[in-house]
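*Asks:* One structure, as structure tokens, below. Some questions next.
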Amino acid sequence: MNIEPAMLLMVYSIPRYIDVTHTLLEFLFLLVDSYDVEHKDSMAKGVSSSFSVLVKKGVIRSLDVLTSCDALSRVMKERLVRFLSDLQQAHFPGHLVCSGNSSCMGTPLSPEHQPQCSPGERFSTMSSDTSVMISDDAAPWSISVMASNDQIRSVENLIERLGEATEKSGPPDLCALEELLLSFVA
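Each step along the sequence shown adds one to the number in UniProt numbering, with nothing skipped, and position 104 is 104.
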């Protein structure tokens, strides 16, 4: 998975398509929590490291654009802040959480190119009981996942929201989404 197009899509969707940002963050947290529970810390470290590199390379100015966004649901913002602060407290190497004032951002985009968050549609997030089981007798390339009904409904809601956002999107947005989805397949 290439996180750079996903982050750019999340950040630049904030002004008009907050539902895309919300859905991608929800999906990212669902993957971190449920994909491989035995290696959850490693996955969280990888996401953290990726966020750090994106800030260092100037892809985004800082993660504050997400953590301070009023249009993002309160629950999602709290989850993101908690995720970032937990990782920072664990002192993972390469982790970087900076504010826009910090000098740790490499060559950031100019302020006029960095989207500003504006209040918009908010989503309520449903809590799901994550119960992922990895089968011991499964082949190394085959992971057996047993999802709870809440997880299935959560994924269905994510897909539905993404579909609604796609219907409201214009051709440039759809091209960006297509490139993002193709990067996940590749």
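Beta carbons: idealized from backbone N, C-alpha and C, even for Gly. The structure presented is a predicted model; accordingly, all values stated were derived computationally and were not measured.
1. When the distance is taken between beta carbons, is Leu24 closer than 7 Å to Ala6?
2. Do the region 33 to 41 and the region 80 to 87 meet, that is, are 3 or more Cβ pairs less than 8 Å apart?
3. I need the straight-line Cα distance from Asp173 to Thr67, nearest angstrom please.
4. With a cut-off of 8 Å on the beta carbons, I'd call Ser22 and Ser62 a contact; round off their distance for me.
5. For a cutoff of 7 Å on Cβ pairs, would you count Ala44 as touching chain C?
6. Do Asn2 and Ser183 have their C-beta atoms closer together than 7 Å?
7. Please report the straight-line C-alpha distance between Val75 and Thr166, rounded to a whole angstrom.
8. Identify whether Asp150 lies in helix, strand or coil by the three-state DSSP scheme.
9. Please go through the UniProt domain "Integrator complex subunit 3 N-terminal" (1 to 80) and give each complete alpha helix (DSSP H) segment of 4 or more residues, from N-terminal end onward.
10. If we ignore side chains and look at the alpha-carbon of each, how far apart do Ile159 and Ala71 end up?
11. Use the C-beta contact count for Tyr12: other C-beta atoms within 10 angstroms, 16 or more gives buried, fewer gives exposed.
12. Work out the CA separation of Asp19 and Ile60 for me, nearest whole Å.
13. Grouping DSSP H, G and I as helix and E and B as strand, with all else coil, what is Gly163?
14. Of the choices Ser34, Val65, Asp64, whose alpha-carbon is the least far from that of Gln151?
15. Count the other C-beta atoms from every protein chain shown that fall within 10 angstroms of the C-beta of Met105, then say buried if there are 16 or more, exposed otherwise.
16. With DSSP run on the structure shown, which of helix, strand or coil describes Ser169?
*Replies:* In short, the structure shows the following:
1. Position 6 of the sequence shown holds residue 6. Position 24 of the sequence shown holds residue 24. Yes, the Cβ-Cβ distance between Ala6 and Leu24 is below 7 Å.
2. no
3. Against the sequence shown, residue 173 aligns to sequence position 173. Against the sequence shown, residue 67 aligns to sequence position 67. Cα to Cα, Asp173 sits roughly 23 Å from Thr67.
4. Within the sequence shown, numbered from 1, the residue matching residue 22 stands at position 22. Within the sequence shown, numbered from 1, the residue matching residue 62 stands at position 62. Before going on, a small fix: residue 22 reads as His here, not Ser. That pair is no contact at about 19 Å.
5. The chain inventory of the structure shown lacks chain C, comprising one protein chain alone.
6. Within the sequence shown, numbered from 1, the residue matching residue 2 stands at position 2. Within the sequence shown, numbered from 1, the residue matching residue 183 stands at position 183. Taking 7 Å as the Cβ cut-off, Asn2 and Ser183 qualify as a contacting pair.
7. As a first step, residue 75 must be located in the sequence shown, where it is residue number 75. As a first step, residue 166 must be located in the sequence shown, where it is residue number 166. Between Val75 and Thr166, the C-alpha separation is close to 23 Å.
8. Here the question's residue 150 lines up with position 150 in the sequence shown. Of the three classes helix, strand and coil, the one that applies to Asp150 here is helix, per DSSP.
9. 3 to 13, 18 to 34, 40 to 56, 64 to 67
10. By 1-based counting over the sequence shown, the position of residue 159 is 159. By 1-based counting over the sequence shown, the position of residue 71 is 71. Their Cα atoms are separated by approximately 20 Å.
11. Position 12 of the sequence shown, counted from the start, is the residue given in the question as residue 12. Looking at its Cβ environment, which holds 16 or more other Cβ atoms inside 10 Å, Tyr12 is buried.
12. Counting from 1 along the sequence shown, the entry for residue 60 is found at position 60. Counting from 1 along the sequence shown, the entry for residue 19 is found at position 19. C-alpha separation (whole angstroms): 19 Å.
13. In the sequence shown, residue 163 corresponds to position 163, counting from 1. Looking at Gly163 - three-state DSSP - the assignment turns out to be helix.
14. Walking along the sequence shown from the start, residue 151 turns up at place 151. Among Ser34, Val65, Asp64, the Cα nearest to that of Gln151 is on Ser34.
15. Against the sequence shown, residue 105 aligns to sequence position 105. Residue confidence for Met105 is low, a pLDDT of 30 falling below 50, so the modelled location carries little weight; the figure read from the coordinates is stated next. The residue is buried, with at least 16 neighbouring Cβ atoms inside 10 Å.
16. Within the sequence shown, residue 169 is the residue found at index 169, counting from 1. If DSSP states are grouped into helix, strand and coil, Ser169 belongs with coil.
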